[in-house]
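Notes follow the structure.
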Amino acid sequence: MSVTGLGLASGQGRRFVPEGLVGELSAELFASLPRSDQRRKGEMYLRGLLTAEGRKSIRNIAACVGDRAAEQSLHHFIASSTWDWGPVRAALARAVERALRPGAWVVRPVVISKAGTESVGVARRFISDLGQTVNSQVAYGAWAVGEEHSCPVNWRLALGEEAGGGPGPRASYASEARLTTPLERAASAVLELRDWTGGVDRPVVLDLPELDPVAVARRFAGTRTGFVVPVRGATRVRCVDPAVPGGGATELAAHQLLLQIRTLRRPVTWTDPDTLRSRTSLVAQVRVTLPQSARTMLLLGEWTDPRGWPERCWVSDLGSVSPGALLRLAKLSKVVDRDFEGISRQVGLTDFGGRSFEGWHRHTTLASAAHTVRMLTLAEAEALSRRPGRSAVGALG
Numbered sequence: 015m016s017v018t019g020l021g022l023a024s025g026q027g028r029r030f031v032p033e034g035l036v037g038e039l040s041a042e043l044f045a046s047l048p049r050s051d052q053r054r055k056g057e058m059y060l061r062g063l064l065t066a067e068g069r070k071s072i073r074n075i076a077a078c079v080g081d082r083a084a085e086q087s088l089h090h091f092i093a094s095s096t097w098d099w100g101p102v103r104a105a106l107a108r109a110v111e112r113a114l115r116p117g118a119w120v121v122r123p124v125v126i127s128k129a130g131t132e133s134v135g136v137a138r139r140f141i142s143d144l145g146q147t148v149n150s151q152v153a154y155g156a157w158a159v160g161e162e163h164s165c166p167v168n169w170r171l172a173l174g175e176e177a178g179g180g181p182g183p184r185a186s187y188a189s190e191a192r193l194t195t196p197l198e199r200a201a202s203a204v205l206e207l208r209d210w211t212g213g214v215d216r217p218v219v220l221d222l223p224e225l226d227p228v229a230v231a232r233r234f235a236g237t238r239t240g241f242v243v244p245v246r247g248a249t250r251v252r253c254v255d256p257a258v259p260g261g262g263a264t265e266l267a268a269h270q271l272l273l274q275i276r277t278l279r280r281p282v283t284w285t286d287p288d289t290l291r292s293r294t295s296l297v298a299q300v301r302v303t304l305p306q307s308a309r310t311m312l313l314l315g316e317w318t319d320p321r322g323w324p325e326r327c328w329v330s331d332l333g334s335v336s337p338g339a340l341l342r343l344a345k346l347s348k349v350v351d352r353d354f355e356g357i358s359r360q361v362g363l364t365d366f367g368g369r370s371f372e373g374w375h376r377h378t379t380l381a382s383a384a385h386t387v388r389m390l391t392l393a394e395a396e397a398l399s400r401r402p403g404r405s406a407v408g409a410l411g
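Sequential numbering from 15 applies to the sequence shown in this note's numbering.
What follows is the structure, encoded as structure tokens:
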């Protein structure tokens, strides 16, 4: 069942707040906040994200949960209070771990268009999906992804000399500003998430354009975190697979090698998260090395038209994974895309209108918690339709 199938994307669905779930989750998330008034404001803000109509500005949130005084106090709570969002995210990651039992993490970029230039991280950037240069923030979200649902649990914001709204020499800002590439931001978010969840070994799908798979392998070497990364068909590879005799004699473009081994293709069925319908792709997988690296990796190609070139390619260091499992793992980015549009935007993840670095991270942390509430509400409804009596609230315990 899709997100909209339960009415959760409608106005009525957005205004529904599962009281027990919000109360229990709030108690866990805000336990690290030192003052009781901060814990109350945290829960108030969370409820406002779930109930406010339209843009989730602090003014709209306050109108749902309080009065004019609430607007001022919530603005201070988000923009200039002293509470640390790190322990709140860590608590959220552990709650999501228990409830969702994710099989992988997915890192996805989020482009947030901005009219002005004063907000932290705003710069003029060329956005390939839009085909134009726009004022924008670019954030990198690390999502926990299960078989059917996903939740954002950690974030990094692209910062640099061109970014506006610098908050001064705070340690957290300086640490994030040192992450100068998408790979560094992605790895930082994932490895911190890994620490929060007890160092569990879990693959990461890096849904980021133009990453160098050799650089990815070097960055995650020694971390016990396997990866899957999309690559261009023109990526140079050398076949080292014993199933392809003589394959390593020359270096080829990835799509050329995959075309040569097309007789090894096999059908793989996977579920489209948008329609929940089964789809079938032809896939071929081969062991390769890449230039400037002796490390053996897997190259996976996917065809929907068997007569042409492979339409998508991925490289992975998960050496023991079958082609079908690797394709389904790569397709988890589609679950994140669906949930970002169907849940994250609805709870205001991209709606922060302030200027400060701290404010952006606090709002995004609480919007991620609101996404979790919506996801668990959806999962509970689906579970009840299958097995009456199961509760998503109980899944948190």
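Glycine included, each C-beta is placed from N, C-alpha and C at the ideal position.
Quick caveat, the model's predicted, so the values are computed rather than measured.
Here residue 173 carries a coil assignment [DSSP, helix/strand/coil]. Here DSSP, grouped into helix, strand and coil, assigns residue 372 to helix.
Shown here, residue 308 sits in coil according to DSSP, grouped into three states, outside any helix or strand. Ranked by how close their Cα comes to the Cα of residue 131, the residues 369, 258, 400 and 380 have 369 in first place.
For residue 296, the enclosing beta strand (DSSP E) begins and ends at 292-303.
If only complete runs of 4 or more residues are kept, the stretch 327-389 shows the alpha helix (DSSP H) at 337-344 and 346-353, in order along the chain.
In the structure shown, the three-state DSSP call for residue 313 is strand. About 7 Å separates the beta carbon of residue 242 from that of residue 340, a gap short enough to meet the 8 Å contact definition. Shown here, residue 275 sits in coil according to DSSP, grouped into three states, outside any helix or strand. Each residue's CA atom was taken as its position, placing residue 139 and residue 398 some 45 Å apart. By the Cβ rule, the stretch 97-115 does not count as touching the stretch 333-350, because fewer than three pairs are nearer than 8 Å.
The three-state reading of DSSP puts residue 227 in helix, counting H, G and I together.
As the crow flies, the alpha-carbon of residue 239 is around 35 Å from that of residue 95.
A distance below 8 Å between beta-carbons, with the five flanking residues on each side excluded, links residue 74 to the following residues of its chain, in chain order: 62, 66, 67 and 68. For residue 88, the enclosing alpha helix (DSSP H) covers residues 82-93. By the criterion of at least three beta-carbon pairs nearer than 8 Å, the stretch 164-175 is not in contact with the stretch 84-98. In the structure shown, the three-state DSSP call for residue 268 is helix. In this model, residue 284 and residue 311 are separated by some 23 Å (Cα to Cα).
Here residue 126 is not near residue 294, since their CB atoms are 9 Å or more apart. For the pair residue 362 and residue 375, the CB atoms are not nearer than the 9 Å cut-off. Annotation: residue 66 is outside any alpha helix (DSSP H) and is labelled neither H nor E by DSSP.
In the DSSP assignment, residue 118 falls outside any alpha helix (DSSP H) and within the unbroken beta strand (DSSP E) covering 118-127. Of all alpha-carbon atoms in 122, 324, 195 and 333, the one lying nearest the alpha-carbon of residue 248 is that of 324. As DSSP reads the structure, residue 252 sits in a beta bridge with 265 and 303.
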